[in-house]
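Asks: Residues 0 to 239 in numbering that gives the first Met the number 0 are what the sequence shown spells out, letter by letter.
The structure follows.
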Amino acid sequence: MQNLRFKLPTKRQFTIGFFAVVAILAAARMLVSPSSLNPQPSTLNLPPSTFHLQPSTFPHPIWSVPSYKDAFPDAQDVQILAANKWGVRPVRNREDAEQRKKELVYVAANPYYHVDPMRSSIPYLVPRAAVLLQDIGQSFYDSLYVKGVPLNQLIVTSVLRSMDDVAKLQRHNQNATENSCHLYGTTFDICYNRYHPVGRYVRDDTLKWVLSEVLRDMRRQERCYVKYEVKQGCFHITVR
Numbered sequence: 000m001q002n003l004r005f006k007l008p009t010k011r012q013f014t015i016g017f018f019a020v021v022a023i024l025a026a027a028r029m030l031v032s033p034s035s036l037n038p039q040p041s042t043l044n045l046p047p048s049t050f051h052l053q054p055s056t057f058p059h060p061i062w063s064v065p066s067y068k069d070a071f072p073d074a075q076d077v078q079i080l081a082a083n084k085w086g087v088r089p090v091r092n093r094e095d096a097e098q099r100k101k102e103l104v105y106v107a108a109n110p111y112y113h114v115d116p117m118r119s120s121i122p123y124l125v126p127r128a129a130v131l132l133q134d135i136g137q138s139f140y141d142s143l144y145v146k147g148v149p150l151n152q153l154i155v156t157s158v159l160r161s162m163d164d165v166a167k168l169q170r171h172n173q174n175a176t177e178n179s180c181h182l183y184g185t186t187f188d189i190c191y192n193r194y195h196p197v198g199r200y201v202r203d204d205t206l207k208w209v210l211s212e213v214l215r216d217m218r219r220q221e222r223c224y225v226k227y228e229v230k231q232g233c234f235h236i237t238v239r
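So, in structure tokens, the structure goes:
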């Protein structure tokens with residue numbers, strides 16, 4: 000039987016073959032979706048400081064709501080029912096509030112929102128409302144990220160009020176009712192015309208549009224009642 004001999008390829012043949020393989024691999028790579036080669040990180044477990052460092056590659060549009068008054072019509076008569084259901088017994092004054100902290104959660108330190116210095120309220124909420132506030136803040140961060148908007152924090156302007164606080168407010172604030180939802184620790188106000196910047200400056204109306212989408216979704220999920228307050232410049236929100 001005749002021996003078979005295999006010849007090694009010449010340098011020219013090897014070079015041609017090498018570049019042919021490279022060309023085939025390059026063509027195959029072009030057919031693969033770029034998003035599968037460079038997947039976007041999930042925002043669910045990212046710490047807040049990373050959102051503005053990794054803007055969304057394909058930003059989602061900002062829609063806002065057609066009408067703030069129509070989207071957020073929940074007045075006192077609706078919100079007070081939820082406040083009575085989920086809230087604590089109204090506190091008389093600051094001293095009384097100090098004795099009720101076992102029923103309430105401190106909300107003035109949170110990475111998802113900024114709490115204004117408070118003269119007419121105390122930074123406490125019932126646990127159910129505290130969770131809602133944090134979820135709103137986190138959803139706001141997520142929305143800013145997917146829309147490619149620099150990070151800004153929500154500003155909370157009012158939370159739990161004592162009876163003494165409400166009495167003082169009634170002297171110069173016509174929206175401060177005697178049986179305020181704020182007495183029960185179920186209610187908080189988020190202003191829509193000011194935000195606490197963490198990243199670059201963003202127009203307040205742009206952030207208001209994003210916030211309105213978040214609150215609309217929370218309301219549709221039946222997690223809260225929302226009233227659009229024109230004179231006070233805030234969303235008045237009660238957990239449900």
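Virtual Cβ for every residue (Gly too), placed ideally from N, Cα, C.
State the start and end residues of the unbroken alpha helix (DSSP H) segment that holds residue 238.
Replies: Looking at the DSSP string, residue 238 is not in any alpha helix (DSSP H); the run it does join, the beta strand (DSSP E), is 233-238.
Asks: By the 10 Å Cβ neighbour count, where 16 or more other Cβ atoms means buried, how is residue 81 classified, buried or exposed?
Replies: Burial call: buried.
Asks: What residue from 198, 179, 125 and 197 has the CA that sits closest to residue 75's CA?
Replies: Checked all of 198, 179, 125 and 197; the closest Cα to residue 75 is 179.
Asks: In whole angstroms, what separates the C-alpha of residue 107 from that of residue 64?
Replies: So the alpha carbons of these two residues sit roughly 29 Å apart.
Asks: Taking the C-alpha atoms as reference points, what is the distance between residue 72 and residue 211?
Replies: Going by the C-alpha atoms only, they are around 13 Å apart.
Asks: Using the Cα positions of residue 200 and residue 140, report the straight-line distance between them to the nearest angstrom.
Replies: The straight-line gap from Cα to Cα measures roughly 15 Å.
Asks: Are the beta-carbon atoms belonging to residue 156 and residue 238 less than 7 Å from one another?
Replies: Contact flag unset, no.
Asks: Roughly how many whole angstroms lie between the Cα atoms of residue 117 and residue 147?
Replies: Approximately 32 Å, taken between the alpha carbons.
Asks: Can you give me the Cβ contacts of residue 154 inside the same chain, cut-off strictly under 8 Å, excluding the 5 residues immediately before and after it?
Replies: The answer, listed in chain order, is 112, 113, 114, 115, 189, 190, 193, 194 and 195.
Asks: Three-state secondary structure (DSSP) at residue 131?
Replies: Residue 131: helix per DSSP, three-state reduction.
Asks: Using 10 angstroms around the beta-carbon of residue 98, count the other beta-carbons present and answer buried if the total reaches 16, otherwise exposed.
Replies: Residue 98 comes out exposed.
Asks: Check whether the Cβ atoms of residue 119 and residue 168 sit closer than 7 Å, and answer yes or no.
Replies: Yes; because the gap between Cβ atoms is below 7 Å, this pair is in contact.
Asks: Pick out whichever of 126, 232, 187 and 181 has its Cα sitting closest to the Cα of residue 204.
Replies: If we check each option's Cα against that of residue 204, 232 comes out closest.
Asks: From which residue to which residue does the beta strand (DSSP E) around residue 227 run?
Replies: Element bounds for residue 227: 223-228.
Asks: Measure the alpha-carbon distance for residue 96 versus residue 181 and round it to whole angstroms.
Replies: For residue 96 and residue 181, the distance between alpha carbons rounds to 13 Å.
Asks: Rounding to the nearest angstrom, what Cα-Cα distance links residue 198 and residue 104 in this structure?
Replies: Answer to the nearest angstrom: the Cα atoms are 29 Å apart.
Asks: So, are the CB atoms of residue 158 and residue 110 less than 7 Å apart?
Replies: Going by C-beta atoms, residue 158 is not nearer than 7 Å to residue 110.
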